[in-house]
């Protein structure tokens, strides 16, 4: 069986502009840069757009755009700032998505994001709709295509949020592996409780959020006990035709997750990275 690894990069900065000036003021803590947006752009976003490949002698043998070969999302507020202040980085991000579409049979590497990084389960129905719709429209304007996936802030999710994604044509999202509560094989009747790492994460998982729509999930590898301070692992969730029926929230009476039977599909290990200095897991 062929094996692959999928790395997802979540890139987000909050709006730091002074609303009266419509620009970011000087931030001493970001020295020697003007502000933290500028510092992170130089140390992270630019480096990924022009990453050095070193030889065994530590000599640069190639320069590559990492965004072309990884799954990623940029928050709308960050893309707006990059467009205005770092247009060369901004253009490399857009170009990487175009290149990835050519490489991956028309599927671009970029995902959309809920517009204001709002914790979606805490939002009312109208705000959920607004966050998803604005995120989609911003993505369409910048990348010139409809998004297939959407990042939910902090991977926080509830069933109404998933239904909003479905209503607006989103095919998959990304969740934390510990959000899985119960699984079963399709041909089985009995469910079993699981914690992170207690089931085969190399196969896809299906979950129904509506009677006619099912999510197919690709779980990440189990998180080690001592997690890297900059690494957070999440779950890739894709929407497919229904294969079983079970509600999503673990608080409901019926089991939460159901698994697909093993297929001949290649084995995929998914890992997500974000710039927070500590791991965040939302069990909602």
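Residue numbers (my numbering): 7 to 290. Ideal placement from N, C-alpha and C gives every residue a C-beta, glycine not left out.
Per DSSP, reduced to three states, the secondary structure at residue 178 is strand. Taken atom to atom, the span from the alpha-carbon of residue 110 to that of residue 162 is near 28 Å. Spanning the alpha carbons of residue 188 and residue 165 requires a straight line of approximately 16 Å. In the three-state scheme derived from DSSP, where H, G and I count as helix and E and B as strand, residue 156 is classed as strand.
An exposed status is given to residue 57, since fewer than 16 other beta-carbon atoms sit within 10 Å of its beta-carbon. Per the coordinates, the alpha-carbon of residue 82 lies some 7 Å from the alpha-carbon of residue 144. Residue 95 sits away from residue 85, with the two beta carbons spaced by 8 Å or more. Within the stretch 103-134, the beta strand (DSSP E) runs of at least 3 residues that lie entirely inside it are, in chain order, 116-119.
In the three-state scheme derived from DSSP, where H, G and I count as helix and E and B as strand, residue 61 is classed as coil. Residue 154 places its beta carbon less than 8 Å from that of residue 178. Residues of the same chain with a CB within less than 6 Å of the CB of residue 61, apart from the 5 flanking positions on each side, are 67 in chain order. Per DSSP, reduced to three states, the secondary structure at residue 141 is helical. The residues 118, 153, 174, in chain order, have a CB closer than 7 Å to that of residue 142 in the same chain once the five nearest residues on each side in sequence are set aside. In the structure shown, residue 205 adopts coil according to DSSP, grouped into three states.
Within the stretch 33-86, the runs of beta strand (DSSP E) at least 3 residues long that lie entirely inside it are, in chain order, 57-60, 66-70, 77-80.
When secondary structure is reduced to three states using DSSP, residue 148 falls in the helix class.
The residue from 79, 69, 27, 35 with its alpha-carbon nearest to that of residue 120 is 79. Bounds of the alpha helix (DSSP H) holding residue 169 are 165-173. Sequence-distant partners of residue 71 (beyond 5 residues in either direction) whose C-beta falls short of 8 Å from its own C-beta, in its chain, are 54, 55, 56, 57, 98, 101, 102, 105. Contact between residue 39 and residue 17 is ruled out by a C-beta separation of about 17 Å, above the 8 Å threshold. Close CB contacts of residue 114 within its chain, under the 6 Å cut and outside five residues either way in sequence, are with 103, 106, 107 (chain order).
Residue 30 and residue 49 have their C-alpha atoms some 18 Å from each other.
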